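Quick note: the sequence shown, position 338, residue 319 per the numbering used here, numbers continuous.
Just below is one structure, and these are the notes that go with it.
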Amino acid sequence: MQTINWDLITVQGDVTPLPFLHGIEAEYFLVNDVGVYPKPAIQQKIADSLAEECGKIIKRDFNKQNIPEKYYRKVMRIRTKDVKRKGLVVQVSYHSPQGEIEIDAIGKDPNLYDTSNYLVEVVTPPCETLYELLWWGSFLFKITNEAISNISKKEDFNCNLMAFGSYPWKVSNFITCGDHHHIGIPSQKERIVVYNLIRLFLPHLIALTVNSPFRNGKPDAVNLKIKKNNFFSPGNNIHSIRLLENDDQLGPNNEKYLPYLEKFDKRSFMDAVEKATVEDARFVDLFPFTKYNTIEVRAFDAQTTILRKVMIALLLQMIAAKAVDMLRNDERIPDIPAEYLFKLREDVIERGILTTVSIVFQKQICNLLLDKNRNFCQTYFRSMIDESKKNDRMNHLIFSMIQLLTPQIKKYRLQNSCFLLPLLENLKANGGYGHTPASRWLWEYAKIESTDKKMKMEKICEKIIAQTKSSEKMWADPLIREHRSNPPDKCQAFYSLFQNI
């Protein structure tokens, strides 16, 4: 196992305690070298052997020489355990400020109803810092990836992990992969205001993370163009087929969408999302009533690298900090109508960060909120206040969100954080129009000069698998186009993101 030089980890905010504990559940497809499901018998062999093989690797590698001492001391035990609906898993018992917490860290996704195919779920412990989250995500992925490689060699077949929002080939049963974020907020009052503010910004975060533009072995549309100066236009290609099609576990996929909550009331939430039980009500984009006292965010397509997953964790934590600060200052979280948020969600599913945002609709919302939320409106709906500042695309609204969060980002010393590198690329690539993971893969697809769609899709899947495997190197990201074990040297250069927005 590669030894990390911990003396190089000097980025100040990345080891600053976060406002709340944070954990990530990451789902991965199990596929062959060109992204196709192996035969069910092969998948079953992986399922039967994975936890045991991971246990052997952990026994070999989990020691004081390889593990940061602070994290090593927080591990109470690691074992394999047979868990209902999951089978044999790797379980980690971890010390947190709330006491000892048991996590099913590596195993089968228990919510997969199609028994012929197998999703691997990798779950971090609840982490106190961004760097801790990155380290655990990368460490657990490395173990899982090596275990699958070992089993494949023994059985003479090829299996790989692939982090992508939807299965890119034709399949009878629609299966998706997502990243689920848990934010630990013991106070019910704080949890509700954090839920309300994440609800407001969820379409913005979805726009940054859309990562499922292929199905049936091709893009969902054919209007892909690389124009002058290498600018890429994805046309009307769907950017998140996962969010478009997976009604059972996401949404709600209608104009009622997610309700604004005035108080901690499970029944009103269940009624609003039209679910009969609390367990069923969990299968939406955003859920504030988990049994772990967390908010669960399920809306994000699986991100190809750990670094990008942690970038989203950073933004969620800063939104949470902003909401709590507003509560303490007796400021009301803006009650943006659900139909507006749902329309934004629909649009970013189709066009990602290039989504056009209706100025007329913004004016209506701004006028509705101006009396109770003047400070918020002056920043977020900035073109309504100052016509010289554009606000007619989703990337403009994301800049407005960042401006609102800048006091919290500075408070937690994250303005120079290397975890903002993927965000910078999201917003400033492609001639300033921005890239999403989906548009980046569509761009790669458009560059392949061939009429053979099957061959093109195989090449893209090979690249997605290679980028997924790069998560063994903690600072890798496909949009940044670099693969690192140590953080970049000059993160300070990205402070410009927060200047003159």
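Idealized CB from N, CA, C, for every residue including glycine.
Bear in mind the structure is a predicted one, so any value in this text is a computation, not a measurement.
Item to complete: To the nearest angstrom, report how far apart TRP150 and GLU102 are at their CA atoms.
Response: 21 angstroms
Discussion item. Less than 6 angstroms between C-beta atoms, sequence neighbours within five positions excluded: which residues of the same chain meet that for THR449?
Written reply: LEU142, MET143, ALA144, THR285
Worksheet item: Roughly how many angstroms lie between the CA atoms of ASN372 and ALA302, to the nearest whole one?
Response: 24 angstroms
Discussion item. Is it the case that the region 252 to 268 contacts the region 377 to 391, given that we only count it when at least three CB pairs across the two stretches are under 8 angstroms?
Written reply: no
Discussion item. If you reduce the DSSP assignment to three classes, tell me which class ARG263 lands in.
Written reply: Under the three-state reduction of DSSP output, ARG263 falls in the coil class, being neither helix nor strand.
Practice prompt. Starting from the Cα of GLY4, find the closest Cα among GLY146, ILE276, ASP252, GLN230 and give me that residue.
Written response: ILE276
Worksheet entry | Span of the alpha helix (DSSP H) around LYS134 | 111 to 136
Worksheet item: Do the region 414 to 429 and the region 314 to 325 meet, that is, are 3 or more Cβ pairs less than 8 angstroms apart?
Response: no
Worksheet entry | Alpha-carbon spacing of ASN218 relative to LEU224, whole angstroms | 14 angstroms
Practice prompt. Count the other CB atoms, across all protein chains shown, that sit within 10 Å of the CB of TYR393; report buried if there are 16 or more and exposed otherwise.
Written response: buried
Item to complete: Assign GLY333 to buried or exposed, taking buried as 16 or more other Cβ atoms, counted over all protein chains shown, within 10 Å of its Cβ.
Response: GLY333 comes out buried.
Worksheet item: In terms of residues, what are the limits of the beta strand (DSSP E) holding ARG60?
Response: Looking at the DSSP string, the run of the beta strand (DSSP E) that includes ARG60 is 56 to 64.
Practice prompt. Can you give me the Cβ contacts of VAL104 inside the same chain, cut-off strictly under 8 angstroms, excluding the 5 residues immediately before and after it?
Written response: GLY4, ILE5, GLU6, ALA7, ILE84, ASP85, ALA86, ILE87, LEU121
Item to complete: Could you tell me the boundaries of the beta strand (DSSP E) in which VAL338 lies?
Response: Where VAL338 is concerned, there is no enclosing beta strand (DSSP E), given that its DSSP letter is neither H nor E.
Item to complete: Determine the DSSP secondary structure at ALA304, reduced to helix, strand or coil.
Response: helix
Worksheet entry | Within 7 angstroms, strictly: CB atoms of VAL191 and SER221 | yes
Worksheet item: In whole angstroms, what is the alpha-carbon distance linking SER420 and ALA188?
Response: 11 angstroms
Discussion item. Pairs of beta-carbons, one from the region 340 to 356 and one from the region 149 to 169, closer than 8 angstroms: are there three or more?
Written reply: no
Worksheet entry | Environment of LYS55 [buried if 16+ CB atoms lie within 10 Å] | buried
Worksheet item: On the three-pair Cβ rule with 8 angstroms, is the region 25 to 32 touching the region 287 to 299?
Response: Contact annotation: the region 25 to 32 does not touch the region 287 to 299, with fewer than three C-beta pairs closer than 8 angstroms.
Discussion item. Suppose contacts are defined by Cβ-Cβ distances below 7 angstroms. Is SER39 in contact with ILE59 by that definition?
Written reply: As written in the sequence, residue 39 is Ile, which differs from the Ser given in the question. Yes. Within cutoff.
Fill in: Of the listed residues GLY118, LEU31, PRO167, nearest to GLN79 (C-alpha basis)
PRO167
Item to complete: Please name the residue in SER97, TYR75, SER147 whose C-alpha comes closest to that of LYS20.
Response: Nearest C-alpha to LYS20: SER97.
Item to complete: May I ask you to report which of helix, strand or coil DSSP gives GLN72?
Response: strand
Item to complete: Would you kindly report the start and end of the unbroken alpha helix (DSSP H) that includes ALA253?
Response: 247 to 254
Fill in: Beta-carbon proximity check, ILE132 vs SER30, cutoff 7 angstroms
yes
Worksheet item: Would DSSP call THR275 helix, strand or coil?
Response: THR275 falls in the strand class under three-state DSSP.
Worksheet entry | Neighbourhood of GLN(-7) by C-beta distance below 8 angstroms, restricted to the same chain and skipping five residues each side | Model confidence at GLN(-7) stands at a pLDDT of 46, short of 50, so the residue's coordinates are unreliable and nothing is read from them.
Worksheet entry | Cutoff 7 angstroms; reference GLY232; Cβ partners in own chain excluding five residues on either side | VAL265, ASP266
Practice prompt. Check the C-beta distance from ALA253 over to LYS237 and give it rounded, since I have them as a contact under 8 angstroms.
Written response: 6 angstroms
Discussion item. Assuming PHE400 and LEU(-1) are in contact, meaning their beta carbons sit under 8 angstroms apart, how far apart are those beta carbons, in whole angstroms?
Written reply: Not really, about 11 angstroms apart at Cβ, beyond 8 angstroms.
Worksheet item: For ILE454, does the count of other Cβ atoms within 10 angstroms reach 16, so buried, or fall short, so exposed?
Response: The residue asked about is misnamed: residue 454 is Lys in this sequence, not Ile. Looking at its Cβ environment, which holds 16 or more other Cβ atoms inside 10 Å, LYS454 is buried.
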